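**Student:**
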Amino acid sequence: MTSETTHVPHLGGTGELAGRTVARIGYGAMQLERLRDDRSAAVALLRHAIDLGVDHVDTAEFYGNGFVNSVIRDALRPEDDVSIVSKVGAVSDPGGPFPMRVAQRPEELRAGVEANLATLGVERIPVVNLRRMDVGFTPPIPDDQVIDLDDQLAVMTALRDEGKIGAIGLSNVSLDVLRRALPAGIVCVQNAYSLVAREDEELLKLCAAEQLAWVPFFPLGGALPWMPKVTDEPAVIAAAERLGCTPAQVGLAWLLHHSPQTLLIPGTATTSHLEANLAVGAITLDGETLAALDAVPTRPATLPHH
Numbered sequence: 001m002t003s004e005t006t007h008v009p010h011l012g013g014t015g016e017l018a019g020r021t022v023a024r025i026g027y028g029a030m031q032l033e034r035l036r037d038d039r040s041a042a043v044a045l046l047r048h049a050i051d052l053g054v055d056h057v058d059t060a061e062f063y064g065n066g067f068v069n070s071v072i073r074d075a076l077r078p079e080d081d082v083s084i085v086s087k088v089g090a091v092s093d094p095g096g097p098f099p100m101r102v103a104q105r106p107e108e109l110r111a112g113v114e115a116n117l118a119t120l121g122v123e124r125i126p127v128v129n130l131r132r133m134d135v136g137f138t139p140p141i142p143d144d145q146v147i148d149l150d151d152q153l154a155v156m157t158a159l160r161d162e163g164k165i166g167a168i169g170l171s172n173v174s175l176d177v178l179r180r181a182l183p184a185g186i187v188c189v190q191n192a193y194s195l196v197a198r199e200d201e202e203l204l205k206l207c208a209a210e211q212l213a214w215v216p217f218f219p220l221g222g223a224l225p226w227m228p229k230v231t232d233e234p235a236v237i238a239a240a241e242r243l244g245c246t247p248a249q250v251g252l253a254w255l256l257h258h259s260p261q262t263l264l265i266p267g268t269a270t271t272s273h274l275e276a277n278l279a280v281g282a283i284t285l286d287g288e289t290l291a292a293l294d295a296v297p298t299r300p301a302t303l304p305h306h
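Those letters in the sequence shown? Residues 1 to 306, by the UniProt record's numbering.
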């Protein structure tokens, strides 16, 4: 391996996250749970990501019921200087109908931050996202979990003032909620968004106007059976063939080209996919290719009927 490979992710340029310059391609750690039976492999994969220049890792205490955070704790060293972004608003529920349940009450948000601090083994988390349930697919929401935004931001702000979190982000939010939250000093927004799911275009424009990082999850769609997949699109497949890369790489490259606010956090449990994701930073989409991709229609997910 040559020394040049350490700069691969930076070919996608850099962006801002909570006042810090980071590579635009980070790592979403959720899929590390797939390596639960091979902890050393999970640690090695994350170390490889860091060695290749990843300096922005997205996680949550409810990923693997603390397992993923513990892998991050074991893999990262202080000198790595990696920005960890976690989230609160849900908790693990291994025995329930969903792997997680909502936990929106202020005292639950505080407990979630404390749990993240414990499993990550840190005294302060650079960014913590408040995962709301305003848009998209969410677990069932009991009435006592429908909490006013101001009450939630009050506890998040208190945690920031106490030094337990460095900055506040939002996830799964509507345009109105983001507007209401801006005075609290929001630094990033995480919503489901991809080439085939662009319902949040106005939200993205507001992030650009306010200089907030835009961190799309489900960046290739298809994460759930009823969601359209970016990699199924003829225009994406044609672009991949022309460029000599994979349809997944085209879908990720489009996100980087579409808005300079975008920070990617693709996740994987394999070395080959990790390297392919980081190589996206070197892909250039010409005007004709971008026009063909931009013409792909957005298609909302069709939720199954119960």
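Cβ coordinates follow ideal geometry from the N, Cα and C atoms, glycine included.
Please read these numbers as outputs of a predicted model, since none were measured by experiment.
Going straight from the alpha carbon of Asp-144 to that of Asp-200, what length do you get?
**Tutor:** Within the sequence shown, the letter at position 144 stands for residue 144. Within the sequence shown, the letter at position 200 stands for residue 200. If you take the alpha carbons of Asp-144 and Asp-200, they lie about 27 Å apart.
**Student:** Which word fits residue 309, buried or exposed, when buried means at least 16 other C-beta atoms lie within 10 angstroms of its C-beta?
**Tutor:** Nothing about residue 309 can be reported from this structure: the residues present for the chain run from 1 to 306 only.
**Student:** State the DSSP-derived secondary structure class of Ser-171, mapped to helix, strand or coil.
**Tutor:** For the purposes of this step, residue 171 is taken as the residue at position 171 of the sequence shown. In this structure, Ser-171 counts as strand in the three-state DSSP scheme.
**Student:** For Phe-217, I'd like the list of residues in its chain whose CB is within less than 6 Å of its CB, leaving aside the five on either flank, ordered along the chain.
**Tutor:** Locating residue 217 in the sequence shown gives position 217, where the first residue counts as 1. Once the five neighbours on either side are set aside, the close Cβ partners of Phe-217 are Gln-190, Ala-192.
**Student:** How far does the alpha helix (DSSP H) with Val-22 in it extend, from its first residue to its last?
**Tutor:** On the sequence shown, position 22 is the one that residue 22 refers to. That residue, Val-22, is in no alpha helix (DSSP H); its beta strand (DSSP E) goes 20-23.
**Student:** Within a Cβ cutoff of 8 Å, which residues of the same chain sit near Glu-61, ignoring the five residues on either side of it in sequence?
**Tutor:** The count along the sequence shown starts at 1 and reaches residue 61 at position 61. Counting only Cβ-Cβ distances below 8 Å, and skipping sequence neighbours, we find Asn-69, Ser-86, Val-88, Val-91, Ser-92, Gly-112, Ala-115, Asn-116, Thr-119.
**Student:** Would you report the Cα separation of Arg-160 and Leu-212, rounded to the nearest angstrom?
**Tutor:** Along the sequence shown, read from residue 1 onward, the residue named residue 160 stands at position 160. Along the sequence shown, read from residue 1 onward, the residue named residue 212 stands at position 212. Those two C-alpha atoms are separated by around 18 Å.
**Student:** Would you mind reading off the limits of the alpha helix (DSSP H) that contains Asp-58?
**Tutor:** Counting from 1 along the sequence shown, the entry for residue 58 is found at position 58. Segment 56-58 is the beta strand (DSSP E) holding Asp-58; no alpha helix (DSSP H) there.
**Student:** Measure from the alpha carbon of Gly-287 to the alpha carbon of each residue in Ala-23, Ala-239, Cys-245, then state which is nearest.
**Tutor:** The residue you call residue 287 lines up with position 287 of the sequence shown. Closest by alpha carbon: Ala-239.
**Student:** Is the CB-CB distance between Leu-274 and His-48 below 8 Å?
**Tutor:** Here residue 274 is taken as the residue at index 274 of the sequence shown, counted from 1. Here residue 48 is taken as the residue at index 48 of the sequence shown, counted from 1. Contact flag set, yes.
**Student:** Confirm, please, whether the CB-CB distance from Glu-233 to Val-196 is below 8 Å.
**Tutor:** For the purposes of this step, residue 196 is taken as the residue at position 196 of the sequence shown. For the purposes of this step, residue 233 is taken as the residue at position 233 of the sequence shown. Result yes, Cβ atoms of Val-196 and Glu-233 sit closer than 8 Å.
**Student:** By the DSSP assignment, the beta strand (DSSP E) with Lys-229 in it spans what residues?
**Tutor:** Position 229 of the sequence shown holds residue 229. Where Lys-229 is concerned, there is no enclosing beta strand (DSSP E), given that its DSSP letter is neither H nor E.
**Student:** Measure the CB-CB distance between Cys-188 and Gly-166 and report whether it falls below 8 Å.
**Tutor:** For the purposes of this step, residue 188 is taken as the residue at position 188 of the sequence shown. For the purposes of this step, residue 166 is taken as the residue at position 166 of the sequence shown. No, they are not a contact pair.
**Student:** Is the beta carbon of Gly-28 closer than 8 Å to that of Ile-283?
**Tutor:** For the purposes of this step, residue 283 is taken as residue 283 along the sequence shown, with counting starting at 1. For the purposes of this step, residue 28 is taken as residue 28 along the sequence shown, with counting starting at 1. Result no, Cβ atoms of Ile-283 and Gly-28 do not sit closer than 8 Å.
**Student:** Could you give the DSSP three-state label for Ala-269: helix, strand or coil?
**Tutor:** The residue given as residue 269 occupies position 269 in the sequence shown. In this structure, Ala-269 counts as coil in the three-state DSSP scheme.
**Student:** Determine the direct distance from the alpha carbon of Ser-272 to that of Thr-5, and round the result to whole angstroms.
**Tutor:** Here residue 5 refers to the residue found at position 5 of the sequence shown. Here residue 272 refers to the residue found at position 272 of the sequence shown. Here Thr-5 scores only 40 on pLDDT, less than 50, and its place in the model is too uncertain to base an answer on.
**Student:** So, with DSSP's three-state summary, where would you put Phe-98?
**Tutor:** Position 98 of the sequence shown, counted from the start, is the residue given in the question as residue 98. Coil, per DSSP.
**Student:** Rounded to the nearest angstrom, what separates Arg-198 and Ile-237 at their Cα positions?
**Tutor:** Your numbering for residue 198 matches position 198 in the sequence shown. Your numbering for residue 237 matches position 237 in the sequence shown. C-alpha separation (whole angstroms): 19 Å.
**Student:** Would you identify the three-state DSSP class for Thr-119, choosing helix, strand or coil?
**Tutor:** By 1-based counting over the sequence shown, the position of residue 119 is 119. DSSP places Thr-119 in helix when its eight states are reduced to three.
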